[in-house]
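Data block below; observations after.
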Amino acid sequence: MANPLQSTACRILAAFALSGCLLVAGLLQADWDFTRIAANAQKLYGPLGEGRGRINDWQRMLTEQKDRAQAEQLQAVNRFFNLRVRFRDDLQVWRVQDYWATPVEALIKGAGDCEDYAIAKYFSLRELGIPSEKLRITYVKALRLNQAHMVLTYYPSPSAVPLVLDNLIDTIEPASERTDLMPVYAFNAEGLWLPGSGGNKQVGDSKRLSRWQDLLQKMRAEGFDL
């Protein structure tokens, strides 16, 4: 019988190969216009309710962290989304099997799954100036839960053991200490990596990941400059 996690990875890798959509992988511009973002979000999604307060708090956190050390930024972003977003699976929140929410969508709902946490943390840290090459959105198997999971990993240097930003626990720990997680693959705006005996190996270009492209299109409609 096929391993469900391997099958999931194969399907996602196939999406990389088959999708014709190209990702515009430019750097995020500093100082997002949150007034425009909130106005666009209300047009797209309706009244923001309590979500407006969460979006305002997100803006405030990013402003406070703008000139801080990267270690402080990691802690602040990880803590913010772990506290402000409740874990709910996509069927509960979106009534579909798999949905990649923008950070704004997750904050409006106040809920999301592991992918939504990782995506929101990724874009927040990119906005704070952390280079894309230091960040990877990483699919893992959560061994204790026996299910697929997503985290954000941060590489202080290309050969360093990455730090793991996870919604399952609030502490940021080196991947070598997260023996409960088994890496499957990782990606960012520039590429796709698979784990191996010789270390992580770049095996492709993430520009063809259709769900990632769809996510960027939604963020542009919300008013983000990408």
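For reference, each letter of the sequence shown is one residue, going 0 to 225 in numbering that gives the first Met the number 0. Note that CB positions come from ideal geometry on N, CA and C, so glycine has one too.
Item: If the criterion is Cβ atoms closer than 7 Å, does the pair Asn187 and Arg135 meet it?; Value: yes
Item: What residues match up with Thr137 in a beta bridge as DSSP calls it?; Value: Val150 and Ala185
Item: To which residues of the same chain is Ala141 closer than 8 Å at the C-beta, ignoring the five residues directly before and after it?; Value: Ala147, His148, Leu167, Asp179 and Leu180
Item: Who does Ala110 pair with in a DSSP beta bridge?; Value: Arg85
Item: Tell me whether Thr173 sits in a helix, a strand or coil according to DSSP, three-state version.; Value: Looking at the sequence provided, one finds Pro at residue 173 rather than Thr. It is a strand residue.
Item: Work out the CA separation of Leu73 and Gly50 for me, nearest whole Å.; Value: 23 Å
Item: For a quick check, are the C-beta atoms of Leu214 and Trp99 less than 7 Å apart?; Value: yes
Item: Any idea what DSSP makes of Val160, helix, strand or coil?; Value: coil
Item: With a cut-off of 8 Å, do at least 3 Cβ pairs link the stretch 114 to 121 to the stretch 150 to 160?; Value: yes
Item: If you run the structure through DSSP and keep just helix, strand and coil, what is Trp31?; Value: coil
Item: Starting from Leu214, trace the alpha helix (DSSP H) in both directions and tell me its first and last residue.; Value: Ser209 to Glu221
Item: Is it true that the CB of Pro182 sits closer than 7 Å to the CB of Pro194?; Value: yes
Item: From Ser158 to Ala68, what does the alpha carbon distance come to, in whole angstroms?; Value: 20 Å
Item: So, is the C-beta of Glu63 closer than 7 Å to a C-beta in chain B?; Value: Chain labels in this structure do not include chain B; a single protein chain is all it has.
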